[in-house]
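Residue 471 in full-length UniProt numbering is what sits at position 471 of the sequence shown, and the numbering runs on without skipping anything. Using N, Cα and C, we set each Cβ at its ideal position, and we do this for glycine too. From a predicted model like this one, the values you see are computed outputs, not experimental measurements.
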Amino acid sequence: MTRMFVPSTGVLSGKVAEILPNQLYFASFSSAPTSDASVRYICIDDKVHYDPFYHDFGPVNLSVLHRFTQLIHSLMENRSKRRIVAYTNAIDTNRVNGAFLMAGYLMIYHGMKADLAYLKVEMAHPPEYIGFRDAAMGPSTYDLHLHDVLRGLEQGLTRKWYDVNTFDSDEYEFYERVENGDFNWILPGKILSFCGPHEKSVIENGYPYHAPEVYFDYFREHNVTTIVRLNTRMYDAKRFTDGGFDHVDLFFIDGSTPSDDIVRKFIRVVDTSRGGVAIHCKAGLGRTGTLIACWMMKEYGISAPECMAWLRICRPGSVIGPQQQFLLEKQEMCWDMGRCLSTKRRHVNGGSPTTPKKVVVSRLVNKVEEIRIESANRRQAASRPIDLPVSKINGVALQPKNRKSFNQEEQIDAQGRSQGDRLLACKVRNAHANFSSPTTPIKPMLLKSSLRTSSSPSSISGGVSSRLGAVRSLLQSPSPLIPISRVTVTEAKAVSPSKSSSSLKKPTTGSRVQPYPSSGGIQMEMPASTYALRPRRSYSPTSLELAKTLPPNAAALGAITEVPLKSLKFTKKSRPV
């Protein structure tokens with residue numbers, strides 16, 4: 001029996017959990033400890049981050065988990081004889097995220113099951129770990145226990161939704177950014193969750209919206225064949241179908257829950273899709289995550305909490321408010337659908353439970369042409385009643401004070417914003433400016449007229465005029481014009497960010513392949529200083545940087561102003577690898 005390790009420095013909060021005997025430990029301190037010749041202390045709080053929407057605090061996303069567990073694995077391989085203690089401060093939210101990371105390390109690098117990994121970190125009790133809450137504005141109505149989060153991660157590991165040897169954290173962080181597409185793979189190759197496209201690529205209220213064409217190249221390259229829209233029309237579905245994609249509309253109110261009919265239709269669409277399915281609502285979080293969870297429960301027979309956990313690890317903020325209780329309520333229904341479909345598949349395939357028989361889905365299923373956004377009072381009266389089960393927090397029944405607490409997420413606020421609008425605003429607030437936008441329209445770049453004011457929905461405000469002035473000085477000739485959407489900057493160096501104490505906080509990387517590469521185009525050489533990028537921490541929601549690599553899809557930008565051709569220096573461009 002090994003002797004219990006007792007820290008000699010710092011003020012311990014709770015107990016020390018032994019993760020690996022005589023090697024690795026997890027603890028929390030109200031006063032930070034100091035490393036010595038026998039023990040090395042690693043502060044988890046300095047290494048990771050979580051960007052909250054409102055009062056949510058985790059779990060940390062898949063990229064943070066990947067980077068942190070890599071760090072611990074590297075430290076363990078080169079630790080010599082010193083013990084390593086990974087610790088957090090005494091704040092409950094940090095403690096539970098730290099426990100998730102340490103248990104995740106055991107599961108990823110040591111093949112430990114979720115139940116055993118939880119027992120390991122549970123040794124740090126008391127105090128007990130608090131549950132993770134959703135991204136709702138109001139009070140939490142359901143808390144996701146750490147044990148369920150670990151079981152969700154176990155599903156991802158067992159089913160190869162995450163592989164430590166192939167996962168690309170840089171790619172994950174690049175595409176999750178609002179200006180680079182704002183999407184995440186939930187089930188790689190099968191289901192992708194993304195923010196709803198817009199009629200034009202435009203910045204509105206600080207959020208960069210993207211036209212459908214912006215996604216075409218990436219979707220084709222990754223065999224995404226079907227688009228499912230859950231919100232009201234912000235673009236013409238024909239633009240996707242003309243691009244060779246199937247498009248299906250399954251509308252239900254922002255912040256609400258779907259009917260059983262919508263759930264069944266969605267499951268049928270995913271089951272019969274020719275390839276991957278990309279699902280969006282307005283923000284790609286609440287409604288999108290809810291239906292994805294329904295399909296996961298049907299397809300894999302896993303629990304609603306495990307689905308919510310995996311969704312939030314992949315795409316933080318997924319499944320909000322009453323959608324949590326809805327999934328708990330529909331768990332049995334989805335499991336029953338899975339059992340029935342499994343029986344039918346065996347029958348259709350002569351006893352072999354292989355690929356289901358394909359059903360022809362029309363290229364365009366669009367039945368929301370007449371849907372209008374009405375006032376909150378009218379919609380509240382017309383919306384489908386939701387009978388929710390009593391929620392529980394760590395096993396304790398929670399009775400809501402009034403019915404309104406469940407419907408708050410459906411309300412339109414004083415600024416006319418729905419839940420999706422508010423969540424998008426939160427994403428802009430939390431954005432990390434490691435990359436400039438490759439899809440943002442440069443509408444203010446009109447050399448023959450003054451810039452638009454920052455109040456214009458399509459204008460880029462704050463700190464941009466000086467950059468536009470530098471560009472204007474380079475482009476003086478009134479020669480024949482070309483669309484700015486076809487111009488790509490070939491030289492752009494980022495300003496080195498100030499050194500951070502965190503090696504895992506979305507590091508600024510070098511030049512990357514743009515998210516939607518084109519097969520060809522024109523390149524323009526400009527001084528690097530014109531498009532210098534700023535460190536992440538200097539970002540503000542009203543100060544978006546110009547694109548380091550401008551958008552390749554001319555059709556995506558529609559009505560973009562043009563720049564003179566004569567003064568541009570062109571080079572041949574090959575397709576990015």
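- For the options Ile267, Val248 and Arg264, the alpha carbon positioned closest to that of Cys281 is the one of Val248.
- Under the three-state reduction of DSSP output, Arg40 falls in the strand class.
- Secondary structure at Leu327: helix, using DSSP grouped into helix, strand and coil.
- Phe26 is a Cβ neighbour of Val121, given a cutoff of 7 Å.
- Pro126 is not a Cβ neighbour of Phe100, given a cutoff of 7 Å.
- Measuring C-alpha to C-alpha distances from Ile313 to each of Thr343, Ser193 and Phe219 identifies Ser193 as the nearest.
- Taking 8 Å as the upper bound for CB-CB distance, Ala283 and Ile227 are not in contact here, some 16 Å apart.
- The region 33 to 43 makes contact with the region 3 to 15; the number of CB pairs closer than 8 Å reaches 3 or more.
- Here Thr88 is bridged, per DSSP, to Ser28.
- Contact between Ser140 and Arg151 is absent: CB atoms are separated by about 20 Å, not below the 8 Å threshold.
- Given a length threshold of 3 residues, each whole run of the beta strand (DSSP E) inside the UniProt domain "Tyrosine specific protein phosphatases" (264 to 326) is given here in chain order: 276 to 280.
- With a beta-carbon spacing of about 7 Å, Arg83 and Asn22 fall inside the 8 Å limit used to define contacts.
- Pairing Lys160 with Gly276 gives a Cβ-Cβ distance that is not under 7 Å.
- In this structure, the CA atom of Gly104 is about 20 Å from the CA atom of Asp143.
- If you ignore the 5 residues before and after Thr88, its C-beta comes within less than 7 Å of the C-beta of Ser28, Ile44, Asp45, Asn94, Arg95 and Gly98, all in its own chain and listed in chain order.
- Put simply, of Gly286, Gly156 and Glu77 the residue whose alpha carbon is nearest the alpha carbon of Leu62 is Gly156.
- Collapsing the DSSP output to three states places Glu122 in a helix.
- Here Gln323 has Thr257, Gly286 and Thr290 as same chain residues with Cβ atoms under 7 Å from its own Cβ, once five neighbours each way along the sequence are excluded.
- Straight-line spacing of the CA atoms in Asn231 and Asp271 works out to 21 Å.
- Between His198 and the set Pro212, His110 and Ile186, the nearest pair of CA atoms involves Pro212.
- Shortest Cα-Cα distance from Tyr172 to any of Leu65, Leu20 and Gly301 involves Leu65.
- By the 16-neighbour rule on beta-carbons within 10 angstroms, Lys238 is exposed.
- Here Leu187 is buried. Its C-beta has 16 or more other C-beta atoms within 10 Å.
- In this structure, Thr225 lies near Arg274, with their beta-carbon atoms less than 7 Å apart.
- For Ile186, the three-state secondary structure derived from DSSP is strand.
- Between Phe216 and the set Asp115, Phe240 and Ser201, the nearest pair of CA atoms involves Phe240.
- In the structure shown, Ser193 adopts extended strand secondary structure according to DSSP, grouped into three states.
- Counting every other CB atom within 10 Å of its CB across the protein chains shown gives Leu116 a total below 16, marking it as exposed.
- If the five residues before and after Pro316 are omitted, its C-beta is found closer than 6 Å to the C-beta atoms of Asn61, all from its own chain and listed in chain order.
- Under the three-state reduction of DSSP output, Ile227 falls in the strand class.
- Counting along the chain, no alpha helix (DSSP H) covers Glu128, and no H or E run does either.
- Check the Cα spacing between Ala114 and each of Gly138, Lys81, Tyr129 and Leu153: the tightest is with Leu153.
- In the three-state DSSP reduction, Ala17 falls in the strand class (E or B).
- Just so you know, the alpha carbons of His49 and Gln70 end up roughly 16 Å apart.
- DSSP places Leu144 in the strand class (E or B) of the three-state scheme.
- Excluding sequence positions up to five before and after Gly338, its CB lies within less than 7 Å of the CB of Lys298, Glu299 and Gly301, all in the same chain and listed in chain order.
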